[in-house]
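Start counting the sequence shown at 1; every next residue gets the next number (full-length UniProt numbering). A short worksheet on the structure shown next.
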Amino acid sequence: MVEHCLVWNSLTKSWTEFVRVLFQSVKSVPFQLHPLEDGGDDDESVLVCDPLSATGLTLEAVYERFHPASLSLGELMGHYLSGEKPTGLLETEEILPLGAVMTGLGKLVLNKDGIIALQPPPKGCKYILSCEGYEDILKEQQSVASLWGVGTLLCGALGAIVLCIALYRAYQRHKQKNGRQEHFDEVQTDSSLSDGETSSERLCIICISRLRDCVILPCGHVCCCFLCYQTLPTQLCPICRCLIQRVVPLY
């Protein structure tokens, strides 16, 4: 039993059809598959087990009836205001007809009664009951496998590109960091002062032995050498306690 209704779509400003299953009853009985060549010899028939768990099973509709919704004026107005208007109920009955030509792919076993049975294979394998032939099923599975293969290759290529970009950026950052470190080391070596070489206004306020050779941004204070900046316990300016975003050398 399926309910058909119209739902108001505020984006498209129109009514769209919506279908939901209200009631579903499934019944199954044991059946057998017989070879087509010998006209249905019972000695070569195969008992189908658990057919409802198989994929590709196509049923034939033998009964279908639509029950239109009969709504009063008040109910109709209420449905319009709520944005959902039922149109009716569709009752259908589907069966697997007797004599249908089918192809089964699964695990063949010999049960305790000595009957050959087709049952779901172990996990990881598909259980297929289809009205198509074996070649058609094989082509369909090959196309699905090819699609997954192409998707895997694309994802792998995309992942390799992203990894290369990330490694290149990491290398550039490492190279720039080493360059800045070497430059600051050179500046530190040149800025080491002996007693009386310069006034105290140009000395680092932390070690009071080297020149102030870096500018703290964004506050712009020039108050320490780069070596003392590296040993700061927190990334805060020693003068104004502003959060340090970056440091540039002072020439």
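Ideal Cβ placement from N, Cα and C applies to all residues, glycine included.
So the beta strand (DSSP E) Ser130 belongs to, where does it begin and stop?
Taking the first residue of the sequence shown as 1, we reach residue 130 at position 130. 128-130 is the span of the beta strand (DSSP E), which, as asked, contains Ser130.
If distances are taken between C-alpha atoms only, which option among Leu108, Met1, Pro122 comes closest to Val48?
Counted from its first residue, the sequence shown places residue 48 at position 48. With distances taken between Cα atoms, Val48 lies closest to Leu108.
Assuming the contact rule is C-beta atoms closer than 8 Å, Ile206 and Cys237 should be a hit. Round their C-beta distance to whole Å, please.
Numbered from 1 along the sequence shown, position 206 holds the residue referred to as residue 206. Numbered from 1 along the sequence shown, position 237 holds the residue referred to as residue 237. Not really, about 12 Å apart at Cβ, beyond 8 Å.
Would the beta-carbon of Asp50 be found less than 7 Å away from any heavy atom of the ligand FMN?
Looking for the ligand FMN in the displayed structure turns up nothing, as the structure carries no ligands at all.
DSSP beta-bridge partners of Leu110
Position 110 of the sequence shown, counted from the first residue, corresponds to residue 110. Ile116.
What does the Cβ neighbour count give for Leu243, buried or exposed, with the cut at 16 atoms within 10 Å?
Translated into the one-based positions of the sequence shown, residue 243 becomes position 243. Looking at its Cβ environment, which holds fewer than 16 other Cβ atoms inside 10 Å, Leu243 is exposed.
Under the three-state reduction of DSSP, which class applies to His34: helix, strand or coil?
In the sequence shown, residue 34 corresponds to position 34, counting from 1. If DSSP states are grouped into helix, strand and coil, His34 belongs with coil.
Whole angstroms are fine: how far does the CA of Leu81 sit from the CA of Gly74?
As a first step, residue 74 must be located in the sequence shown, where it is residue number 74. As a first step, residue 81 must be located in the sequence shown, where it is residue number 81. Using only the alpha carbons, I get a separation of about 11 Å.
With DSSP as the reference, identify every bridge partner of Trp148, one or two as the case may be.
Within the sequence shown, the letter at position 148 stands for residue 148. Per DSSP, none; premise fails for Trp148.
In terms of DSSP beta bridges, what is Ser143 paired with?
Within the sequence shown, numbered from 1, the residue matching residue 143 stands at position 143. None, per the DSSP bridge assignment.
Which residues mark the beginning and the end of the alpha helix (DSSP H) in which Cys228 is found?
Mapped onto the sequence shown, residue 228 falls at position 228. It spans 226-230 - the alpha helix (DSSP H) in which Cys228 sits, taken as one unbroken run.
Can you give me the C-alpha to C-alpha distance between Glu134 and Thr55, rounded to a whole angstrom?
If you number the sequence shown from 1, residue 134 lands on position 134. If you number the sequence shown from 1, residue 55 lands on position 55. A small fix is needed here, since residue 134 is Tyr in this sequence, not Glu. Taking the straight line joining both Cα atoms gives about 14 Å.
In terms of residue numbering, what span does the alpha helix (DSSP H) encompassing Glu75 cover?
Looking up residue 75 in the sequence shown gives position 75. Run containing Glu75: 73-82, per the alpha helix (DSSP H) assignment.
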